[in-house]
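Residue numbers (our numbering): 121 to 283. We treat Cβ as the ideally placed atom computed from N, Cα and C, and that holds for glycine. Predicted model only: the values in this text are computed from it and were never measured. What follows is a short report on a single structure.
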């Protein structure tokens, strides 16, 4: 699909940050819901052939989303997101950490800051991800970059089907 919508993916290794900016041809309400409602989030966030399965999600400050990325052979990679700040339809922040199936976290995680804005029916999502550990960031970066690009393309398709 060819369009003129902005998509920028920048890595600042020195700052241990990833910056993602993506525009969608959809109103902010729909894009916000796609990021904040488990039943929609699970439709797009996993890059094929993986699927996403949310075990539970409580979208409120202090709430959590516990979910897994499931491989085609059924292997689950669990993660926990803790919502640290929410300004409806404008911004939310999470702390994300990989866990085991019992929610026992790995030593390091990442902080995600999601910004939303809309102009003339085009919604821009800007995500800044700060990794606590440079080593963690380096280990995940290649697969994460490809996976995130695929997931955002999935989101574009989900949004188009919900208009």
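Counterpart residues of residue i in DSSP-defined beta bridges
{"i": "residue 235", "result": "211, 246"}
{"i": "residue 178", "result": "Looking at the DSSP assignment, residue 178 forms no beta bridge with any residue, so it has no partner."}
{"i": "residue 189", "result": "172, 197"}
{"i": "residue 216", "result": "201, 230"}
{"i": "residue 251", "result": "230"}
{"i": "residue 128", "result": "141"}
{"i": "residue 225", "result": "219"}
{"i": "residue 206", "result": "212"}
{"i": "residue 184", "result": "202"}
Sequence-distant residues of its chain with Cβ nearer than 7 Å to residue i (five each side left out)
{"i": "residue 264", "result": "none"}
{"i": "residue 360", "result": "The first residue shown for the chain is 121 and the last is 283, placing residue 360 beyond what the model contains."}
{"i": "residue 191", "result": "170"}
{"i": "residue 279", "result": "144, 146, 150, 151, 154"}
{"i": "residue 250", "result": "136, 137, 230, 231"}
Beta-carbon proximity of residue i to residue j, cut-off 9 Å
{"i": "residue 217", "j": "residue 155", "result": "no"}
{"i": "residue 173", "j": "residue 146", "result": "no"}
{"i": "residue 139", "j": "residue 129", "result": "yes"}
{"i": "residue 198", "j": "residue 231", "result": "no"}
{"i": "residue 283", "j": "residue 150", "result": "yes"}
{"i": "residue 277", "j": "residue 166", "result": "no"}
{"i": "residue 272", "j": "residue 142", "result": "yes"}
{"i": "residue 252", "j": "residue 228", "result": "yes"}
{"i": "residue 209", "j": "residue 179", "result": "no"}
{"i": "residue 186", "j": "residue 223", "result": "yes"}
{"i": "residue 219", "j": "residue 235", "result": "no"}
{"i": "residue 188", "j": "residue 270", "result": "no"}
Beta-carbon contacts of residue i that lie in its chain and below 6 Å, excluding the five residues immediately before and after
{"i": "residue 254", "result": "136"}
{"i": "residue 237", "result": "244"}
{"i": "residue 163", "result": "278"}
{"i": "residue 127", "result": "142"}
{"i": "residue 206", "result": "181, 212"}
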